[in-house]
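Each remark here refers to the structure printed beneath this line.
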Amino acid sequence: MNSKEQGFDTVKYLKSQSFHIRDRLNATNGSQVFMEFGGKPFDDQHAKRVLPGYDADCKAQLLSSLMLVGKVVMVVNARDILLPEHGRTLLGRVRDDSGLRYDHETVRLIKRGRDLNLDIKDVVVSVYPKNPSDQNKRAMDNFREELFQEGVSMHRHYEIDGYPNASIVKNSDEVFGQNDVVAQPNLHLIVFSPGGGSGKFGFILSEIYHALRNGQRPGFVKFETFPVLTVASDHALNLAFEAATADLKNRVISICSDPARGICTTYDKDFENYQLLKALFAKYSVGENTSVDQMDDPTAMSVNRIMDGVINESVIIEACRIEIQKRIKRYEREAANGIERQATLDRAQEINVVFEKKYGN
49 MNSKEQGFDT
59 VKYLKSQSFH
69 IRDRLNATNG
79 SQVFMEFGGK
89 PFDDQHAKRV
99 LPGYDADCKA
109 QLLSSLMLVG
119 KVVMVVNARD
129 ILLPEHGRTL
139 LGRVRDDSGL
149 RYDHETVRLI
159 KRGRDLNLDI
169 KDVVVSVYPK
179 NPSDQNKRAM
189 DNFREELFQE
199 GVSMHRHYEI
209 DGYPNASIVK
219 NSDEVFGQND
229 VVAQPNLHLI
239 VFSPGGGSGK
249 FGFILSEIYH
259 ALRNGQRPGF
269 VKFETFPVLT
279 VASDHALNLA
289 FEAATADLKN
299 RVISICSDPA
309 RGICTTYDKD
319 FENYQLLKAL
329 FAKYSVGENT
339 SVDQMDDPTA
349 MSVNRIMDGV
359 INESVIIEAC
369 RIEIQKRIKR
379 YEREAANGIE
389 RQATLDRAQE
399 INVVFEKKYG
409 N
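Residue numbering for the sequence shown follows the working numbering, starting at 49 and increasing by one per position.
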């Protein structure tokens, strides 16, 4: 790729992201940290498409180094594996990049990780239904067996009634008490997934609950890829993110814009998660001044240095335009074949209207 085509410098990005992640880990003064690793850690084809010059495997370098100080766990949402009524999609969610359903995609990523010095030993199935049908029980048994054949243990994190309303914290013993505990003492817990909407944060919230109940005061940090927190909600990269996750109904929102702080962007799920995190610490760390207690808005949870790697924004904008069109065509095809909802296509088309209004043809 020549310099005119390249819009992103992976080396610059990874250097900045790595520095700021380690800075956050060091700031906890030895306390255990629970880290949500946003975006795919390797084979991230969406990032590669919208950031020409991005190395799709670059984050694996950082994740591999974190294995020296932490336990790395993959989380997959049961709704992406099961069929209705507990399934999120009509025939099981499929990764566009690989063409695999999420159960098989999880196994593929485990194998791929080994090539990148990432030996994953634990998979958590989040949003696990409390009363699955016989058909879905068999699907989970098959998935457990697939993982077992790879030397991987499967853990359960049950669906949470009322999530993500912060009121669930009032009944946290009932909500989180039955979940498997995966974290190990004296090790950070780093959590990633095969795709968006995995339930990573709900699982981490359960792990934090158990730590707080045991008298620990852990930290939390999110390794964020998309949305980009330091640009406007209607920036090309954020609109491309919304289009790529139209099936999850993600919406990027700006929460502040002033000379002192610049632009602060988050998205609806992070705003909800921030409220949950604060509520849980408020219940179990009363009167203490933990790192989480000091967070004053959702952006404080995350480290996102994507813009440090951007070297040609016009190239990025055009790549995002292509990505949005690609997603629309995919949703059109899937809606026609009965495997995607019309609402997903409608949402992607709405995003395209916003994009063209801002950036033109």
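All C-beta atoms in this analysis are idealised placements derived from N, C-alpha and C, irrespective of residue type, glycine included.
All values reported here derive from a predicted model rather than from experimental measurement.
- Here the alpha carbons of residue 289 and residue 278 stand approximately 14 Å from one another.
- The DSSP-derived three-state label of residue 220 is helix.
- Taking residue 354 as the centre and dropping the five residues before and after it, the same chain places the C-beta of 276 closer than 6 Å to its C-beta, in chain order.
- Contact check between the stretch 245 to 252 and the stretch 204 to 213: three or more CB pairs, one atom from each, fall below 8 Å, which counts as touching.
- DSSP links residue 56 through a beta bridge to 358.
- Contact check for residue 255 and residue 231: beta-carbon distance about 5 Å, within the 8 Å limit, so the pair qualifies.
- With contacts defined by Cβ atoms closer than 9 Å, residue 153 and residue 175 do not form a contacting pair.
- Between residue 177 and residue 130, the C-beta spacing is below 9 Å.
- Residue state for residue 302 is assigned as strand, using DSSP reduced to three classes.
- DSSP places residue 314 within a strand segment (E or B) once states are collapsed to three.
- For residue 270, the enclosing beta strand (DSSP E) covers residues 267 to 271.
- The stretch 89 to 98 makes contact with the stretch 155 to 167; the number of CB pairs closer than 8 Å reaches 3 or more.
- Residue nearest to residue 375 within the set 363, 346 and 398 is 398 (criterion: CA-CA distance).
- Non-local beta-carbon contacts of residue 392 in its own chain, meaning distances under 6 Å to residues more than five positions away in sequence, involve 294, 295 and 379 in chain order.
- A direct Cα-Cα distance of roughly 8 Å separates residue 80 from residue 237.
- A distance of 9 Å or more separates the beta carbons of residue 321 and residue 343.
- Residues 58 and 62 of the same chain have their beta carbon placed closer than 7 Å to that of residue 106, with the five preceding and five following residues left out of the count.
- Rounded to whole angstroms, residue 286 and residue 280 show a C-alpha spacing of 8 Å.
- If you draw a 10 Å sphere on the C-beta of residue 229, you find fewer than 16 other C-beta atoms in it, and that means exposed.
- When only Cα atoms are considered, residue 118 and residue 359 end up about 33 Å apart.
- If you draw a straight line from the Cα of residue 222 to the Cα of residue 258, it is about 12 Å long.
- For secondary structure counted as the alpha helix (DSSP H) over 4 or more consecutive residues, the stretch 186 to 242 holds these complete runs in sequence order: 220 to 224.
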